[in-house]
Structure formats: structure tokens, C-alpha cells
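In the UniProt record's numbering, the protein residues as written are 1 to 979.
What follows is a short report on a single structure.
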Amino acid sequence: MADLTCTVATSATLVEIYEDLASEKDEIRLKAAQALVSQFTPDKNATDDQIQKTLRRLFRGLCSSRKAARIGFSIALTEILSQILSSPRESSEFDIPRVVGFWESQSSASGSESGQEQRDHHFGRLFGAEAIIKSGILFKPNAPFSEWTKLLDLVFDLAKKKPWIREECGWIVYRCVYELSAQKAEAKFVESALERLCTNELARTPEGVAIWLAAKDLFPKVKLPSKVWKHDDPLDVKERNQLAKVMKESSVSEAEGENKGSNPKSSGVWNSKLHFAWDAVLSRLSETSAKESKSKTSRLSFSDFWTEVVDNGLFAASSSDERKYWGFLLFVKVLNESPLPLASLVFTKNLVRCLTNQLAVEDRYLHRMAAKAAKTIQTRVSKEPEFAAASINGLMGSAGSVNFDQVTKTKTVEKIVIEANLDALKQIVPLFEKLVACPGTSDSKAAASSRQFLAGLLLSIVRSRASASDESEEGAKEVLEQILFTFVRFAYFVEKEGDSRGQTAAEPALTEQTQELFRSRINSCLNSLIANQKYATALPYAVVRKVRDAAKSEEYGKFIIAMDDTLQDSVKGAFKSLKKLSSTEKKGDAAGVDAFKLLYSMTILQVYNGDADAVSMLDELDFCFSKIFGDKKSKKDETADASDALVEILLSFASKPSQLFRRMSEQVFGAFADKISENGLDSLVSILEAKESLAGQQEMFEQDDEGEEDEEMMDVDEDDSDVEVIDAEGSNDDEDEDDEEEGSEEEEDGNDDEEAIFEAKLAEALGPHRANQDLNDDDEGSDADMNDDEMEQVDQQLAKVFQARRDALSKNKDKKDAKGNMVNFKNRVLDLLEIYVKKCHSKLLALDLLLPLLRLTRKSTVKQISNKANSVLRDYTRLCKGSALPKLESVEPAWELLNSIHKEASHSGPPSHASACSQASLLMVKVLVAHDKNNISGIVDVYAETRKQQFLSKKCHVQPSFFSEWSNWCVSASKQMKN
Numbered sequence: 001m002a003d004l005t006c007t008v009a010t011s012a013t014l015v016e017i018y019e020d021l022a023s024e025k026d027e028i029r030l031k032a033a034q035a036l037v038s039q040f041t042p043d044k045n046a047t048d049d050q051i052q053k054t055l056r057r058l059f060r061g062l063c064s065s066r067k068a069a070r071i072g073f074s075i076a077l078t079e080i081l082s083q084i085l086s087s088p089r090e091s092s093e094f095d096i097p098r099v100v101g102f103w104e105s106q107s108s109a110s111g112s113e114s115g116q117e118q119r120d121h122h123f124g125r126l127f128g129a130e131a132i133i134k135s136g137i138l139f140k141p142n143a144p145f146s147e148w149t150k151l152l153d154l155v156f157d158l159a160k161k162k163p164w165i166r167e168e169c170g171w172i173v174y175r176c177v178y179e180l181s182a183q184k185a186e187a188k189f190v191e192s193a194l195e196r197l198c199t200n201e202l203a204r205t206p207e208g209v210a211i212w213l214a215a216k217d218l219f220p221k222v223k224l225p226s227k228v229w230k231h232d233d234p235l236d237v238k239e240r241n242q243l244a245k246v247m248k249e250s251s252v253s254e255a256e257g258e259n260k261g262s263n264p265k266s267s268g269v270w271n272s273k274l275h276f277a278w279d280a281v282l283s284r285l286s287e288t289s290a291k292e293s294k295s296k297t298s299r300l301s302f303s304d305f306w307t308e309v310v311d312n313g314l315f316a317a318s319s320s321d322e323r324k325y326w327g328f329l330l331f332v333k334v335l336n337e338s339p340l341p342l343a344s345l346v347f348t349k350n351l352v353r354c355l356t357n358q359l360a361v362e363d364r365y366l367h368r369m370a371a372k373a374a375k376t377i378q379t380r381v382s383k384e385p386e387f388a389a390a391s392i393n394g395l396m397g398s399a400g401s402v403n404f405d406q407v408t409k410t411k412t413v414e415k416i417v418i419e420a421n422l423d424a425l426k427q428i429v430p431l432f433e434k435l436v437a438c439p440g441t442s443d444s445k446a447a448a449s450s451r452q453f454l455a456g457l458l459l460s461i462v463r464s465r466a467s468a469s470d471e472s473e474e475g476a477k478e479v480l481e482q483i484l485f486t487f488v489r490f491a492y493f494v495e496k497e498g499d500s501r502g503q504t505a506a507e508p509a510l511t512e513q514t515q516e517l518f519r520s521r522i523n524s525c526l527n528s529l530i531a532n533q534k535y536a537t538a539l540p541y542a543v544v545r546k547v548r549d550a551a552k553s554e555e556y557g558k559f560i561i562a563m564d565d566t567l568q569d570s571v572k573g574a575f576k577s578l579k580k581l582s583s584t585e586k587k588g589d590a591a592g593v594d595a596f597k598l599l600y601s602m603t604i605l606q607v608y609n610g611d612a613d614a615v616s617m618l619d620e621l622d623f624c625f626s627k628i629f630g631d632k633k634s635k636k637d638e639t640a641d642a643s644d645a646l647v648e649i650l651l652s653f654a655s656k657p658s659q660l661f662r663r664m665s666e667q668v669f670g671a672f673a674d675k676i677s678e679n680g681l682d683s684l685v686s687i688l689e690a691k692e693s694l695a696g697q698q699e700m701f702e703q704d705d706e707g708e709e710d711e712e713m714m715d716v717d718e719d720d721s722d723v724e725v726i727d728a729e730g731s732n733d734d735e736d737e738d739d740e741e742e743g744s745e746e747e748e749d750g751n752d753d754e755e756a757i758f759e760a761k762l763a764e765a766l767g768p769h770r771a772n773q774d775l776n777d778d779d780e781g782s783d784a785d786m787n788d789d790e791m792e793q794v795d796q797q798l799a800k801v802f803q804a805r806r807d808a809l810s811k812n813k814d815k816k817d818a819k820g821n822m823v824n825f826k827n828r829v830l831d832l833l834e835i836y837v838k839k840c841h842s843k844l845l846a847l848d849l850l851l852p853l854l855r856l857t858r859k860s861t862v863k864q865i866s867n868k869a870n871s872v873l874r875d876y877t878r879l880c881k882g883s884a885l886p887k888l889e890s891v892e893p894a895w896e897l898l899n900s901i902h903k904e905a906s907h908s909g910p911p912s913h914a915s916a917c918s919q920a921s922l923l924m925v926k927v928l929v930a931h932d933k934n935n936i937s938g939i940v941d942v943y944a945e946t947r948k949q950q951f952l953s954k955k956c957h958v959q960p961s962f963f964s965e966w967s968n969w970c971v972s973a974s975k976q977m978k979n
């Protein structure tokens, strides 16, 4: 009775174990396998009956499609076989032939099963073979060799009869070769595998190639079947065509059918995963490529293999989408796993064409795969920046297209060039220069578009390098110079016929518009570079020097900028000054030298760009240079005159709507801010006090009523331009909405009035002949009653009316443009004053800025300007404290300034104005008290008088905060004085 209870309990346990072996969770399967295997350890001394029942159950389980049964049962089967047959067991009749017999019988399909059941049995046979091989029982010294050959026959027979499972069958044998090598088994096992591979006509299949290569490499002394591959190597150079057909699983021609094992049946099933044979081939080609330089070999090189098998095979024009999909998988695989020399070889013609076409249209079958491939390129470049050179050459060189990004509507190339390191850029930039010269099209418009795109890429490189901090200055500078010189070549020179000076001649010739675009790109590049102190001086100078030298040597052809003798003399003088600056070693004034180098370079560049005012600016620069860097005994007032002239030059640059000239003027101004005289500061202040209107512009720039037309710039992308656009209406904050709406309503009312006046004049000119006169008039209308003289008179009147209308519209446009110009100019001046107060806030002269900034805060019609003026003043008052307070030479001007500030505070203005007045007043209080504490009494009287005016005068609009802040200061100051 006890034995029966034990048997029942054991049976219940086994049922649970077998159930868990099919679990989808790895940990449950492994635990169940361990529990089952533990019952067949040598110390358990399991009976043959128990072994037989367990093996039958496990082999049957391999034929089940339930959950993860095949995986769990195969693990348990492998371990149990290894334990029970690893060593002879006493009184056991259980042996290897019996195990193979169980496997064969349990996995055989009788033919009466359903299609799914038959598939399950086929997979059961496959997993059973794998378990037997992994257990190693067939390779023991006492194992009958016939059982190994029997297993091979059953596996290869399955692979031949059921092509859809052929890859899995081949994988088992392929991995077996590696296990045999690890166990140092005899070569006869591998020889029999190769023999049956050929007997079953599977040698020339992807599986056959993989098994053959593994056998050849791991068992060098193995006897290979003859007349299958030339030199017994599927990777032999002479087998390239045959290998291509095999790897893309195409049938072989009848002419080759006479060869043994050369006519395999196609698998007939497409798999979205790469065949394992590709790994086998690629890994060996990588090894071959590494050895190529050391010894000659008859094996295919990686390059030849990729071109023949992948590019001309999988990516051939006639290939199916499924084969191209495999091609993209291979492309991604090589990019992710292969070393740089091999990964650089995969950008072949058919592949790149297919990649471009599939990326270009979203609804194409392989678009997502192509997008993944493009992303993989970018990822490889981000991890290995030197790969950028091969990527760009592949996508845009002979195999690709200059307009890859434009055609595919992506930013693949742009992202790659930004990630490129210096070594890669040294290859990319010359390639771009060649492509600019020859974009690969004879159409002028298409060439212009390609050149514009290339110019944008070069600009992107400059911008990324300008902000990079992880590279040596010399290496980066060399690349940046090369880019700038490329721009110089195509911006300022035209090649002479038949004289390309060893360089690629431009075909088709560059248009004037394109050359203007390249000149614009030079400015954009310098705009980014001068923000970096490493390049701010050297590279602008390198550009103008290159233009000058190339114009002399005609290195790039004929110089297109017309320069008369006067211009040439001015430029020569400027270069002489630059040479002196380069050789000047002024200790403690390096910033001044660099600033003048930058100013000279940029002014010369303006001359080369055809700016008429640049010549006079060069003359003024010479004057400044001679006074500041010339005779040290020069008088103080002469130096002051030079600094005043320098301010005027900087203002002329600052007035231009360009970030480049703004940054340049700021850098130079910062170097000479402490040398600015009272007249120079007045020049800045006068701009702040000018009206933000056409009249203010005419007064500032001494224009006549008609104004001057600006030079038209070429239409370029806004992102690539360094031109700044300032909104003349100020910021778009919510609190401005009411003002904007009110302004727009006034503008609409003004437009309505103008429209009414125009219609009235038009009606007067037409007289009784208006088009909207009474419709009941006779058909013999007034036109019939008009003679020629009357009609001519009406025409003249109409011409006058419409001319007046055009003049009015033109005047309105001039007004709007003028306001924008003045707002831009004031912004730039405030930028300079911000630099001035940071560097010179402790100077007495800086106090002259208080009133102009307060007035600008109150009077400006543009909130942006008002806020900026208030910001500059706030920074100034914040910096002036303690020992940094200006020291008075005479007290009278200070009292006068304090009273003027209080008078300014009485005017009505925005909230920021009241706060600014209070800060300015308290600053003057601190200055007066620092000069003499006895001034406190007079200060109290000034505040008392202002308080009195607040009570008595309706015109006095001093805000309460003005006095509350004064009171707070008094409390704080009194505590300090008492201490």
C-alpha cells in the first residue's frame, strides 16, 4: 500500500514537471528541467523502464506546439541523455541506437495527420537532433559511428524534402562542427557531414556554404569532397558569380547542373531575418581582408564580395523588394559590427541608389528600412566621427548624389558633417570643393541649387567647429581656413579658359548670383568665428590675405572685383598697417592690437564686397592707427581724436543689419572702451536721442527726402544669413497687445482717410464721367459726348491722381523702413553702451549716460528699446558701489545732474521709467556723499523740493516709489554712518 502511494505521488510530481517544462517563463522551465534531471543522476540508479518512459515523453513533447514545450523539453532531454549515456551502466540494455530509434519513431509523421501536426513532428525531429548532438553521446569513443551518419541522413533528408525548414537543419549541423572542434573530435565526423551535404545536393546552398567554410577553417586536414568549389573554397575569386547566386538563393543554370550538388531546390520561403550563412561568410571575409596586406590570397576581397554578391546581387535593379530588404539588413549589420576599413566599402552604387529612392517616398515598401539604414549611418558617425568621411563620400560621391538630403527630404548629410571630426573633415572639405566645381549636372539652375546646398553644409561645419572646445586650435584652424578659402575661390574669382591651375574646373560656370551667395556665406562664417576668441582675429585676416594673394597670383583665375588705383592704394596701405600690427608686441595691449586687426580685416573685406563707404573708412582707420599705435609722444587730444574717429567707424558698422558687424563692432569697442572721449560718447548719445522716424533717419544719416535705395541682397535662406531683423513694433508680450491693437486701429483709420481722399480726387478727375453714376442714363453715355481734348484732359488728371497715390504709398513705406533702421541702430548703440558701463562704470564720464538713458526709457515708442535702455542703466547703477563709484573733480556738475534727474522723474512715463529715475537719483546721492558727507543736507533739500512739486504742480508725475526708495536708503545710510 505504501509503494502504491509513493508511485501515485511520483506520477503527480512528474505531471507537474512536464507541465512546467512547457512554461513560457524561463525560470520555471529551468527549474522543472533541473527537477526532472535530478531523478536520473547515477546515485538514483533509474531503471531502463523509467528511462524509456521519460525519453518517450520528452521526444513526444518536442513535437508539441504548446507554449514553449520544445525549448523546455529539449533542455531536459539534452541533460538526461548526457547523464544516462555518459558512462556504462550495470545491468542496462539502454544504448545509443535505442535512443536514436526513439527519436526517429516519435518524430515520424505517418501521413494521416493534419498539416499543422506534420509541421510539429518535423520541428520535433529537428529539436531532437539538436538535443542528441548537444548531449555529445554520438561522439563518445564507444558510440557507433553509424548512428551519427543516420542522424545526418535524417536531418539532411528533412532539409531536402521540406525547404522551409532547411535553414534550421543547416544551423544544427553548422553549430555541430564548432562543437566537434571544441571536443577535438575526429575529422571523420565532419567528413561524413560534408559527404552527405553533397549527396543531398545541399552543398551549393547558403547552409552548405556556411558548413563548408566552418569545416575548412576548423578542420584544416579534413578531406573535402571534390569538384564542388574551385580550389575547394566557396570564397574563391573564381566562384564570385556562383556565390552570388547561392547567397541570394536563386536557382543555378542548367549548364552548371552537371557539378555535384549544384542544383539545390530553393527554400521557397522568405524570412525577414538574415540567414546565418551571411555571418559565416562576412566573418571570414573580414579575416581575409585583415591578412590581404600580408600575403596574397585567392579568396575574394570584402570589396569584391560586396560589389558582386550584395550590390549587383541583392540590390540589382531586377531584384525583388524582399532581396533588397536583406540587402539593407546586411548594410545595417556591417555598419554596426564591422571595423572602419570594411564599413567604408559598403556605399556602393546600386545600394545608395536604392537607399535614396526608398527614402524619398514615404509610402514605398522599403521606406522604413531605408530610414533605419540612414539612422544607423548617423549613429555610427556619432560613435566614430572619423566614419563621417566614408559616409559623405558614399552618399554624395561617385556612387551617390550631391543633392542626397534634398532628394530624400532628410538632414542625413547635414547631421553627419556636424558630427565629423577633424580627420574626417580634412577629406570632406576637398570633396565638397570638387562638388561645388562640378555638381554633376550641366543645367545652370540645378547646379546653382546644388552649390547653394553645399555652401550651406560648409557653413554648418564652420558653425559646429566654431563652438567646439575639444580639439586643438591648430588642427581646427587648418580645416576652417580650407573652408573659407573654398568660399573665396568661388566668390571672388572666375577661371580663365583652359587654365584651371591643377584644380577641378567649374562646370557649368558659376552665376553672379551664386558668387554673391558665396560672399554672403563668408560673412556668415565669420559671424560665427569671431564669437570664438581663438579665431576672432586670425581667420578674418586669413580671408582677406587669401583674396589679395590669389588676385596677384591668379591662383583661382581672374579677380572679379573692379578696383581702381585709389582703391588699390588704400588696400595696400591697410595691409601695411596689418603687417605692422602683426609684428607689434605691445605688452598689456594685446586686445587693442587684435581689435584693430579685426577692424582692418573686416573693412578690407567690405572693400572687396564693393562697399563704397569702406574706402573712406580705411582712411579713417589709418588715422586712428597712427595716433593710437604710432608715435608714443603724440598729444593726448590727438589720441582722443583718434578714439572719436574709431567710434564713428564702429557706428558705421553697427548701423548695418548684420550680426557679423554687430559682433565685430562690440569686440573692437570693448578693447578701446576706456579710451573713449567725451565727444565719442556724445556720438553714441546723439543716436539715442534721435527720433525713431524718417526725419530722425534723415538727420542721422544726412539723407535727402528721397532717401537712398539699399543694395538688393540675393534671396538666401534665413537660417544661413547673418542679417538681423528687428521688429520695429517692439516685443510681442501680452501686455503690449492693447497698444498694438490701438496702433493698428489708428493705422487702419489713417488708411481709411487716405483711401477716402484718393477716391474723392479720383471722382473729381472723372467729373460727370464716373463709373458709378446713375445706371438709368441712356446708352448714349457721357463717353459719346466727350471729344478728344476732353478725354486727354481726363487722362492727365487721372495720371496726376495715381501718381500722387503712388507717392503717398512710397512715403509710407519709407517711413516704416526708416523706423526699422533707427530701431536697429539704437539697439546696436545700446549694446555698445552696455559694454561701456561694464568696463568703465567707475569713470566720471560715464555719468553723462544717465539722462540720455532715462529719456530713452520714457520717450521711445518701441518697448524693446525702452526696456533695453532701462536694462543698461540698471546694470550701470548696480556696478557702481563702494570703491567703484565715480570720483568727482567738481561738485557743481553733479548737483546739476541730480536736479535734472529729479526733473526727468516728474515726467509721466512707463513704470520702468520711474524705477530707473529712482536708481539714477540714488546713484548721484551716493556719488555726492562719497565726495563729501556734508552734501547730505543739500540732497535732502533737492528731494524736499521734488516732494513739494508733487503736491503743488499737476504737471509733476513723480511716482511714490521714488520717495519710498529714498527713505529706505536714508535708513540704511544712517546706520552705516553711526557705526
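We put the beta carbon where it would ideally sit given N, CA and C, even for glycine.
Which residues share a DSSP beta bridge with residue i?
{"i": "D236", "result": "R299"}
{"i": "F559", "result": "F493"}
Could you spell out where the alpha helix (DSSP H) holding residue i opens and where it closes?
{"i": "P144", "result": "First-last for P144: undefined, no H or E at that position."}
{"i": "N527", "result": "512-529"}
{"i": "C169", "result": "166-182"}
{"i": "S64", "result": "Note, S64: premise wrong, no alpha helix (DSSP H); not H, not E."}
{"i": "L952", "result": "936-952"}
{"i": "R878", "result": "863-879"}
{"i": "C917", "result": "911-931"}
{"i": "A33", "result": "26-37"}
Determine the direct distance from the alpha carbon of residue j to that of residue i, and round the result to whole angstroms.
{"i": "D674", "j": "N824", "result": "25 Å"}
{"i": "M18", "j": "Q39", "result": "The displayed chain sequence assigns Tyr, not Met, to residue 18. Cα-Cα distance, rounded: 13 Å."}
{"i": "A143", "j": "I96", "result": "7 Å"}
{"i": "S293", "j": "A69", "result": "Unreliable placement is indicated for S293, whose pLDDT of 47 sits below 50; no coordinate value is reported for it."}
{"i": "A185", "j": "L138", "result": "11 Å"}
{"i": "P852", "j": "A595", "result": "28 Å"}
{"i": "Q52", "j": "K273", "result": "38 Å"}
{"i": "L952", "j": "G909", "result": "20 Å"}
{"i": "Q976", "j": "V942", "result": "22 Å"}
{"i": "K248", "j": "I530", "result": "56 Å"}
{"i": "S65", "j": "G101", "result": "22 Å"}
{"i": "F127", "j": "V361", "result": "44 Å"}
{"i": "D153", "j": "L58", "result": "22 Å"}
Please classify residue i: does DSSP put it in a helix, a strand, or coil?
{"i": "S658", "result": "strand"}
{"i": "K843", "result": "coil"}
{"i": "T348", "result": "coil"}
{"i": "Q358", "result": "helix"}
{"i": "D749", "result": "Residue placement at D749 cannot be trusted, given a pLDDT of 48 that sits under 50; the coordinates are not used to answer."}
{"i": "C198", "result": "helix"}
{"i": "Y836", "result": "helix"}
Taking the alpha carbon of residue i as the point to measure from, which residue in the options has its own alpha carbon closest?
{"i": "K188", "options": "C169, V543, S866, P141", "result": "P141"}
{"i": "L459", "options": "S442, T441, K415", "result": "K415"}
{"i": "S961", "options": "Q976, N935, C917", "result": "C917"}
{"i": "S464", "options": "I428, I418, F432", "result": "I418"}
{"i": "L366", "options": "L340, F490, F315, W212", "result": "F315"}
{"i": "G394", "options": "N867, K383, A370, V352", "result": "V352"}
{"i": "residue 1026", "options": "E27, F575, R166", "result": "The structure shown does not extend to residue 1026, since the chain spans only 1 to 979, so no value can be given for it."}
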